[in-house]
Amino acid sequence: QDMRMLSSRNVRSFCGFVAQDTQLFAKSIEENLAYGLGRPHTQDEVVDACKAANAHEFIMETEEQYETRVGERGMLLSGGQRQRLAIARCFLRRPRLLFLDEATSAL
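In the working numbering, the protein residues as written are 135 to 241.
Structure, rendered in structure tokens:
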């Protein structure tokens with residue numbers, strides 16, 4: 135299909151974007167990953183996305199694992215951990231295209 139015929143909303147629906155600076159909220163890891171997802175998700179999907187982003191291991195080392203609260207703007211995590219969660223959030227959305235804007239600078 136000719137992309138010029140698609141609406142901008144349609145194009146955005148199959149694109150994923152991960153910026154260098156991540157946006158995290160003072161919520162649990164799982165809540166941050168599912169934020170704005172717009173569809174039901176399973177725990178297995180969350181775990182698979184985190185494994186693909188190389189975040190699962192550090193999450194499992196925390197006391198509350200996927201229920202661990204990350205603090206305002208993710209300040210309880212390292213820069214690399216925040217970036218891995220941002221990548222996992224994007225993977226959970228299963229985009230057809232993935233754009234990374236220096237998203238691995240702290241990894």
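We put the CB at the ideal spot given by N, CA and C, even for glycine.
Mind checking which residues open and close the alpha helix (DSSP H) that includes residue i?
i: residue 145; result: 142-147
i: residue 227; result: Note, residue 227: premise wrong, no alpha helix (DSSP H); not H, not E.
Thinking C-beta only, is residue j closer than 7 Å to residue i?
i: residue 160; j: residue 201; result: no
i: residue 245; j: residue 222; result: In the structure displayed, the chain extends from 135 to 241; residue 245 sits before or after that span and is not available.
i: residue 186; j: residue 175; result: no
i: residue 151; j: residue 230; result: no
Residue i: buried (16+ other C-beta within 10 angstroms of its C-beta) or exposed?
i: residue 220; result: buried
i: residue 225; result: buried
i: residue 166; result: buried
i: residue 140; result: exposed
i: residue 204; result: buried
i: residue 164; result: buried
i: residue 180; result: buried
From what residue to what residue does the beta strand (DSSP E) around residue i run?
i: residue 232; result: 231-235
Less than 8 Å between the CB atoms is what I'm expecting for residue i and residue j, so what's the real figure, rounded?
i: residue 227; j: residue 171; result: 7 Å
i: residue 216; j: residue 208; result: 4 Å
Say whether chain D places a C-beta atom closer than 7 Å to the C-beta of residue i.
i: residue 207; result: Annotation note: the requested chain D is absent from the structure, which comprises a single protein chain.
Continuous alpha helix (DSSP H) assignments of at least 4 residues falling wholly in the segment 167-208: 177-186, 190-194
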